[in-house]
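> My structure is below; once you've seen it, I'll send some questions.
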Amino acid sequence: MPEFKDSTILITGAAGNLGRATAQAFAEQGANLALVDLDETGLKACAADLPDGSAYELLPTNLLEPASVEAMRDTALEAFGKVDALANIAGGFRMGPPLQDTPDKDWEFMMNLNARSVFHTCRALLPGMLERGGGRIVNISARAALQAKGRMGPYCASKAAVKTLTESLAMENKNTGITVNCILPGTIDTPQNRTDMPDADFSTWVPPAAIADVIVFLTSEAARCITGAAIPVYGRS
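Going by our numbering, the first residue of the sequence shown is number 1, and it counts up by one from there.
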C-alpha cells in the first residue's frame, strides 16, 4: 500500500512547474491533494495531469490575504478532514538593480511572495497539526539564501527569511511531532528559465521532479527524525 494513501498533502504554488511535479509525485503515492494557487487555470491544468482516480481539491487562494488563507484551510479540512503535510512551494524570482536603486515595491514584492506567503500558510495550518499531534512542513528556500548574488538583494533576503523561519518553527515544534524543513534548490530546469538563459547548460540544472522526490521524502516516515534542516538540491551547477 502506498505510504500516503490516507494522507492529505496541501501544496501551494500547485499551478507552477515544481508544484505540478510535486502534485504528480504525491498522487502516485495515493495521497489526497489540496492544490493551492492564485492561478485557477493553472490549477485545472495541474489536476488534468494527475493519474486517473486521484483525490484532489482545487483551492484558488491569495496567500497574501490571511482571510483567503484561512478559508482555503477550512475548505481543505471540510474536503479531507485533516492536513498531514504542507508543501510551501509558492514563490518567485525577480532580478533587480543595485540596492541603492531598488524601490520599496520591489523589496515588498519579493518579501511578500516568498516569505509572507510561508508565514501565512504555516500560521494557518499549524494549529490543526498541533491538535492532531503531528505533521510535516516543507518550505522552498533557495541556494541564494546561503550564496547571495548582486542585483538580487530582495530575492536573496526573502529566501534567507524562509530558511530562518523554518529553523525557528522547527525549534518551536521539536517536541510536538511536527517536523519543519526547507529545500535549497539550485537553478530549476523550467521552460521559463530556459527562455531566460538560452546559452546555459541545461543538463546541470535540477529537474522539478528531483526536488519533488525530496519533498516526498521529507514528508515520509523515513524522515521522522529530520527537522530544522536546509537541504541543498543543486544538481551539477
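Note that CB positions come from ideal geometry on N, CA and C, so glycine has one too.
Between the region 79 to 89 and the region 5 to 18, do three or more beta carbon pairs fall short of 8 Å?
Flag = yes, the region 79 to 89 and the region 5 to 18 touch.
> Taking 8 Å as the cut-off, does the region 203 to 222 touch the region 160 to 168 (at least 3 CB pairs, one atom from each stretch)?
Because the criterion of three Cβ pairs below 8 Å is not met, the region 160 to 168 and the region 203 to 222 do not touch.
> Let's see if you can read the secondary structure: which residues bound the beta strand (DSSP E) around residue 102?
It is not in any beta strand (DSSP E) - residue 102 carries neither H nor E in the DSSP assignment.
> Going by the beta-carbon positions, is the gap between residue 63 and residue 141 smaller than 8 Å?
No, these two residues do not count as a Cβ contact at 8 Å.
> Going along the chain, which residues of its own chain have a beta-carbon closer than 7 Å to the beta-carbon of residue 227, five neighbours each way excluded?
The answer, listed in chain order, is 170, 174, 179, 180, 181.
> Quickly, what does DSSP pair residue 56 with across the bridge? List them, please.
In the DSSP output, where bridge partners are listed per residue, residue 56 has 33.
> From the DSSP output, read off the bridge partner residues of residue 85.
According to DSSP, which records beta bridges pairwise, residue 85 is partnered with 9, 136.
> Provide the residue(s) that pair with residue 184 in DSSP beta bridges, ordered along the chain.
DSSP, once it has assigned bridges, lists 232 as partnering residue 184.
> On a Cα-Cα basis, can you pick out the residue from 124, 100, 75, 13 that is closest to residue 45?
Residue 13 is the option with its Cα nearest to residue 45.
> Just checking my contact of residue 231 with residue 183 at CB under 8 Å: how many whole Å lie between their CB atoms?
The Cβ separation is near 5 Å, so the contact holds.
> With burial defined as no fewer than 16 other Cβ atoms inside 10 Å of the residue's Cβ, what is the status of residue 110: buried or exposed?
Label assigned to residue 110: buried.
> In whole angstroms, give me the CA-to-CA distance for residue 76 and residue 34.
If you take the alpha carbons of residue 76 and residue 34, they lie about 6 Å apart.
> If you check the beta carbons only, do residue 59 and residue 72 fall under 8 Å apart?
Yes. Within cutoff.
> Starting from the Cα of residue 41, find the closest Cα among 50, 15, 95 and give me that residue.
Looking at the Cα atoms, 15 is the closest of the given residues.
> Excluding the 5 residues flanking residue 32 on each side, which residues of the same chain have their C-beta closer than 6 Å to its C-beta?
The answer, listed in chain order, is 8, 55, 80.
> Sorted by chain position, which residues of the same chain lie with C-beta nearer than 6 Å to residue 212's C-beta, five sequence neighbours on each side aside?
The answer, listed in chain order, is 21, 22, 25.
> Identify the continuous alpha helix (DSSP H) that holds residue 50 and give its terminal residues.
Taken as a continuous stretch (DSSP letters only), residue 50 belongs to no alpha helix (DSSP H), as it is neither H nor E.
> For residue 201 and residue 112, I'd like the C-alpha separation in whole angstroms.
When rounded, the distance between both Cα atoms is 31 Å.
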